[in-house]
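K.L.:
Just so it is clear: in the sequence shown, position 40 is 71 by the working numbering, and no numbers are missing. Just so it is clear, CB atoms sit at the ideal spot from N, CA and C, and this is done for glycine as well. Keep in mind it's a predicted model, so treat the numbers as computed, not measured. Got a structure for you, written out below as structure tokens; questions coming shortly.
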Amino acid sequence: METFEGKVRGFIIVTFRRGSLTGHVETIDVKPTFAKLGIGLRLLTFAEIDMRKRGKRWSLLEVSEGNKAALKLYKKAGYTLKERVKGYYRYEHRGTRDALRMVKAL
Numbered sequence: 032m033e034t035f036e037g038k039v040r041g042f043i044i045v046t047f048r049r050g051s052l053t054g055h056v057e058t059i060d061v062k063p064t065f066a067k068l069g070i071g072l073r074l075l076t077f078a079e080i081d082m083r084k085r086g087k088r089w090s091l092l093e094v095s096e097g098n099k100a101a102l103k104l105y106k107k108a109g110y111t112l113k114e115r116v117k118g119y120y121r122y123e124h125r126g127t128r129d130a131l132r133m134v135k136a137l
């Protein structure tokens with residue numbers, strides 16, 4: 032979680048499966064009023080450091096195909112496309128139900 036002057040500006044949730052070498056970024060969120068301040072990248076970088084400390088070798092995430100800002104962030108952080116997942120979301124996210132599964136070697 033990222034806070035400033037007692038206010039939450041963003042958070043990230045990562046899950047781990049016992050015995051797996053992969054950490055899974057479940058969600059990352061930055062309040063819109065704090066967008067474009069590098070908070071998302073800081074949260075992601077911190078999570079990746081933690082994953083490495085836990086012995087993980089890969090970071091995996093899914094992102095809505097329509098979420099251009101998130102895609103830009105993940106590409107900047109070194110994530111690459113693994114596969115497109117049709118109908119991943121139950122409801123539309125930014126005009127689509129499809130997701131892109133992305134991965135990064137840690």
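Going by DSSP, what residues sit across from Ser51 in a beta bridge?
P.N.:
None, per the DSSP bridge assignment.
K.L.:
CA-CA distance, Val116 and Lys103?
P.N.:
In this model, Val116 and Lys103 are separated by some 18 Å (Cα to Cα).
K.L.:
Under 8 Å: do the stretch 70-82 and the stretch 113-127 share three or more Cβ pairs, one atom per stretch?
P.N.:
no
K.L.:
If you reduce the DSSP assignment to three classes, tell me which class Met32 lands in.
P.N.:
Reduced to three states, the DSSP call for Met32 is coil.
K.L.:
Once the 5 residues before and after Glu96 are set aside, which same chain residues still bring their CB inside 6 Å of it?
P.N.:
Thr127, Asp129, Leu131
K.L.:
When you compare only the Cα positions, how much space is there between Gly41 and Ile59?
P.N.:
8 Å
K.L.:
Classify Lys106: buried if its beta carbon has 16 or more other beta carbons within 10 angstroms, exposed otherwise.
P.N.:
exposed
K.L.:
In whole angstroms, what separates the C-alpha of Leu112 from that of Val134?
P.N.:
If I take the Cα positions, the gap works out to 7 Å.
K.L.:
I'd like to confirm the pairing. Which residues does DSSP put opposite Asp145 in its beta bridges?
P.N.:
Nothing can be reported for residue 145, as the shown portion of the chain is limited to 32 through 137.
K.L.:
The beta strand (DSSP E) that contains Ile79, what's its start and end?
P.N.:
Sequence check: residue 79 is Glu here, not Ile. It is not in any beta strand (DSSP E) - Glu79 instead sits in the alpha helix (DSSP H) that spans 70-84.
K.L.:
Starting from Leu104, follow the alpha helix (DSSP H) in both directions and report where the run begins and ends.
P.N.:
99-107
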